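What follows is a short report on a single structure.
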Amino acid sequence: MGSDRTISDTENHQKDLDWIKVLFYIHVHVLMVCGLFMVFLEASILTTLFSIVLTVFGILGVTAGAHRLWAHQSYVAEPGLKVFLMLCQTLAGQGTIYDWVRVHRLHHKYFATEKDPFNPSRGFWYAHIKGLLKRPSATHEKLLNEVDMSDIEKDNVVMFQKKFYWLIFIIVSIVLPLNTPIEYWNENFFCTLFVAGALRYGLTQNFAWFIHSGSRLWGLQKDEKNPPDSNIVFFITKSYWPQYHYIAPWDYRTTEFGGYANGCTTAFIRIFAALGWAYNLKTIDSDGVRKALALSVETGKKLPDVLKEVAENQPLSDEHVLEPKKFL
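Here it is in structure tokens:
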């Protein structure tokens, strides 16, 4: 096998399960079911709406924050937006931004190989949660330590969260979500715990896990009979996610849940770009992709490198970013 598959199947399969994580997520999902019943049987509409809002904020913290902003540097954010996204990511309960980015960059570097901690070639459930429940092998620990995190280590917001993560998490993801319904509209404790606590937290976790398992749902699978098996149409149309995402991960318009240039996260980034809180949005249009393909053939450079070069020299069109004056 190639050098990117040097970790043996035996070593990968023999990684021990982290039983604390296993038991924790079993309880979370059982409580999620209880929370779902309470939504229909007992919880107030305010508690349900509050939980939905928190879930959306948590997902944005992972998608617009940890994934597109910090892991892939697909745009630049003002300090205020960074702090907001950091708080949202903490609300999601996915661990520190620093650790999330490091693991995700390793996932991209060795995508669908034995070095990938979420290796989708092992199936949807391995990519979605099983890989998460296993203790990393010594080899994976070594690979994680080799991931370049120099840009993240210069980010004061990320490093502040890394230092005070558990304090921020307890306040943002436990105390405030559980206290608000009880304090402000007299929701009972168990409805609050199951709906604003377990159901909200569990849904956020599963949406976040789709970032690593989505290739099994929306991507072109091995031996699948489609035109992209034999040509490059998906580069031009940016379809068959995640093929395009893993070629151009810096494109801020690539969604986490299939598709391209749509979805709440892309709209969120565009709105904050219009407000001046986000800038240097990185993307490339179909003409730019065609140009990059030609240059890759002519120069012999790798396509991902050429795509990035072309994108950096291709300014956004005037109509691309929303402008407040258009809606006034």
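Using full-length UniProt numbering, the first residue of the sequence shown is number 1, and each one after it goes up by one.
Even for Gly, the Cβ is constructed at its ideal location relative to N, Cα and C.
Please read these numbers as outputs of a predicted model, since none were measured by experiment.
For residue 133, the three-state secondary structure derived from DSSP is coil. DSSP places residue 59 in the uninterrupted alpha helix (DSSP H) bounded by 45-60. Our two residues, residue 19 and residue 127, have alpha carbons roughly 18 Å apart in a direct line. Counting the other CB atoms within 10 Å of its CB gives residue 299 a total below 16, which places it among the exposed residues.
Residue pairing of residue 274 in beta bridges, as defined by DSSP: absent, with no partner found. When beta bridges are read from the DSSP output, residue 76 appears opposite 279. Here residue 283 is not near residue 246, since their CB atoms are 8 Å or more apart. A straight line joining the alpha-carbon of residue 115 with that of residue 187 spans about 47 Å. Assigned with DSSP and collapsed to three states, residue 17 falls in strand.
Cβ atoms of residue 60 and residue 265 come within 8 Å of each other, at about 6 Å. Rounded to whole angstroms, the Cβ separation of residue 216 and residue 117 is 15 Å, and the two are not in contact under 8 Å. Between the alpha carbons of residue 271 and residue 110 lies a distance of about 33 Å. Under DSSP, residue 260 shares a beta bridge with 254.
When only Cα atoms are considered, residue 263 and residue 139 end up about 37 Å apart. The beta carbons of residue 277 and residue 73 sit no closer together than 8 Å. Here residue 35 carries a helix assignment [DSSP, helix/strand/coil].
Listed in chain order, the non-local C-beta contacts of residue 268 below 7 Å within the same chain comprise 60 and 64, local neighbours out to five positions each way being set aside. The beta carbons of residue 177 and residue 208 sit no closer together than 8 Å. Straight-line spacing of the CA atoms in residue 255 and residue 88 works out to 18 Å.
Secondary structure in the segment 105-193: no beta strand (DSSP E) run of 3 residues or longer lies completely within the stretch. Annotated three-state conformation of residue 82 is helix, per DSSP. The DSSP-derived three-state label of residue 249 is coil. Look at residue 284 here: in three-state DSSP terms it is coil, with no helix or strand label. For residue 301, there is no enclosing alpha helix (DSSP H), as DSSP marks it with neither H nor E. One thing to note: residue 17 has its Cβ no nearer than 8 Å to the Cβ of residue 91. Of all alpha-carbon atoms in 305, 41 and 52, the one lying nearest the alpha-carbon of residue 204 is that of 52. Within a 10 Å sphere around the beta-carbon of residue 69 sit 16 or more other beta-carbons, which makes this residue buried.
Minimum Cα-Cα distance from residue 26 among the listed residues 38, 206, 99 and 44 corresponds to 206.
Looking at the backbone, the Cα of residue 124 and that of residue 211 are separated by about 12 Å. With 16 or more other CB atoms across the displayed protein chains lying within 10 angstroms of its CB, residue 181 is buried. DSSP places residue 208 inside the alpha helix (DSSP H), whose first and last residues are 200-213. The straight-line gap separating the alpha-carbon atoms of residue 141 and residue 75 is approximately 29 Å. Note on residue 279: under 16 other CB atoms within 10 angstroms of its CB, so exposed under the neighbour-count rule.
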